[in-house]
Amino acid sequence: MIVDQGREKPEDTNPPKAFNICTIMYTSGTSGDPKGVVLTHQAVATFVVGMDLYMDQFEDKVTHN
182 MIVDQGREKP EDTNPPKAFN ICTIMYTSGT SGDPKGVVLT HQAVATFVVG MDLYMDQFED
242 KVTHN
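For what it's worth, the numbering used here labels the leading residue of the sequence shown as 182, then goes sequentially.
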């Protein structure tokens, strides 16, 4: 159903910029006041690349699976 709606009304994609907010991670506040940290798309992408380099040491790779 959603796929059909997309086919009926296609739109250009609008990919995020590196500095756009990707997510906000919150702490529970068990040891103090709850806090949150803003992670950008660049920070998340950098983490994924870093994990891929780390896993390469073990002859493993990050894939879409």
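All C-beta atoms, glycine included, are put in the ideal place defined by N, C-alpha and C.
Item checked: 3 or more residues per run - each beta strand (DSSP E) lying fully within the segment 206–236 -> 217–221
| Straight-line CA distance for A226 to E189? | Here residue 226 is taken as the residue at index 45 of the sequence shown, counted from 1. Here residue 189 is taken as the residue at index 8 of the sequence shown, counted from 1. Whole-angstrom Cα-Cα distance: 32 Å.
| query | In whole angstroms, what is the alpha-carbon distance linking A199 and I205? | reply | Position 18 of the sequence shown, counting from 1, holds the residue named residue 199. Position 24 of the sequence shown, counting from 1, holds the residue named residue 205. One C-alpha to the other measures close to 15 Å.
- Query: Shortest alpha-carbon distance to Q223 belongs to which of C203, I183, Q186, D185?
  - Reply: What you label residue 223 is simply residue 42 of the sequence shown in a count that begins at 1. Shortest Cα-Cα distance from Q223 to any of C203, I183, Q186, D185 involves C203.
Taking 8 Å as the threshold (C-beta atoms), are T221 and P215 in contact? For the purposes of this step, residue 215 is taken as the residue at position 34 of the sequence shown. For the purposes of this step, residue 221 is taken as the residue at position 40 of the sequence shown. Contact: no.
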